[in-house]
Amino acid sequence: MTQIKNKKWVTFFSHTGTEIYRLGKRLGRCPDRVITNRKPGDEQINKKMLKWLETKEVDVVYTKNKPDEEDYDRLIKDPDCVVTLHGWMRIVPAGICGSHEIYNLHPGLITKYPELKGADPQKRAFNEQTKTYKYVGCVIHKVTPGVDEGKVLAQTSTYNNFYSEDQMCCALADMSLDLWEQFLT
2 MTQIKNKKWV
12 TFFSHTGTEI
22 YRLGKRLGRC
32 PDRVITNRKP
42 GDEQINKKML
52 KWLETKEVDV
62 VYTKNKPDEE
72 DYDRLIKDPD
82 CVVTLHGWMR
92 IVPAGICGSH
102 EIYNLHPGLI
112 TKYPELKGAD
122 PQKRAFNEQT
132 KTYKYVGCVI
142 HKVTPGVDEG
152 KVLAQTSTYN
162 NFYSEDQMCC
172 ALADMSLDLW
182 EQFLT
């Protein structure tokens, strides 16, 4: 487990940023910097999050679609901060992984089912729930240049008895918030 209480906290997202917003509200703390490869004004970005960050004077930084190692160094800035990835759909360069404390949450129980590494593990787990995937869950792992290859540091799981993929995704989203909260405090 790692603590963000006395450290700067930098977050990255490629989807909506909703998890960052929900987690920050739970923790009673905003990230110090939020980075996205979405374009300013993109309709997908959570408007409540943007408004919340604005009231707290948090930097929201828009970067190019596929940042390189120099971009990551410039974006992260502080080598002593904690970096968390929230649906950041990019591979972080090896040099950045080695020089920063970076964690990712993956919504696939890769400790039990390693084949769920990569994109859309929820869809795969739901579509084959009765045959292969009796459990679903989330893991937090150290970020390495390989996709979902870093050491797993925390996990949570439940029996896969969901009636819809949407129901499963909502449950995993709640489980991920619980896991992040435990991991970061």
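Here the sequence shown stands for residues 2 to 186, where the numbers follow our numbering.
Note that CB positions come from ideal geometry on N, CA and C, so glycine has one too.
Values in this document were obtained by computation on a predicted structure and should not be read as measured data.
1) Looking only at its chain, what residues have a beta carbon closer than 7 Å to the beta carbon of N161, apart from the 5 residues adjacent to it on each side?
2) When the Cα of S177 is compared with those of V11, G29, L86, E102, which residue comes out closest?
3) Using the three-state DSSP reduction, which class does A120 fall into: helix, strand or coil?
4) With distances taken from CA atoms, which of G99, Q4, K152, L51 is nearest F14?
5) Going by C-alpha distance, which of G88, L76, H142, L154 is nearest K9?
6) Hey, out of T157, D149, L28, L106, whose CA is closest to T186's CA?
7) Closer than 6 Å by C-beta to I5: which residues in its own chain qualify, once you throw out the five before and the five after it? Chain order, please.
8) I'd like the list of long-range same chain contacts for T64, defined as Cβ closer than 8 Å, with 5 residues on each side in sequence excluded.
9) When you compare the CB positions of K124 and D149, do they come within less than 7 Å of one another, or not?
10) For E182, tell me which candidate among S165, Q156, H16 has the shortest Cα-Cα distance.
11) Could you check the C-alpha separation between T159 and G109 for me, to the nearest Å?
12) I think V93 touches P41, with their Cβ atoms under 8 Å apart; what is that distance to the nearest whole Å?
13) Grouping DSSP H, G and I as helix and E and B as strand, with all else coil, what is G147?
14) Which two residues bound the contiguous alpha helix (DSSP H) that contains F163?
15) Kindly list the residues whose CB is nearer than 6 Å to the CB of Q143, restricted to its own chain and excluding five residues on each side of it in sequence; keep chain order.
This is what the structure holds:
1) A126, Q130, Y134, K135, Y136, V137
2) Among V11, G29, L86, E102, the Cα nearest to that of S177 belongs to L86.
3) coil
4) L51
5) Of the candidates G88, L76, H142, L154, L76 places its Cα closest to the Cα of K9.
6) L28
7) V83, L185
8) I36, T37, N38, D72, L76
9) no
10) Distance from the Cα of E182 is smallest, within the candidate group S165, Q156, H16, for Q156.
11) Straight through space, the alpha carbons of G109 and T159 are spaced by roughly 11 Å.
12) Contact doesn't hold; Cβ gap of about 23 Å is too wide.
13) coil
14) Note, F163: premise wrong, no alpha helix (DSSP H); not H, not E.
15) The amino acid at residue 143 is misidentified as Gln; the sequence shows Lys. Cβ neighbours of K143 beyond the five flanking positions: G151, K152.
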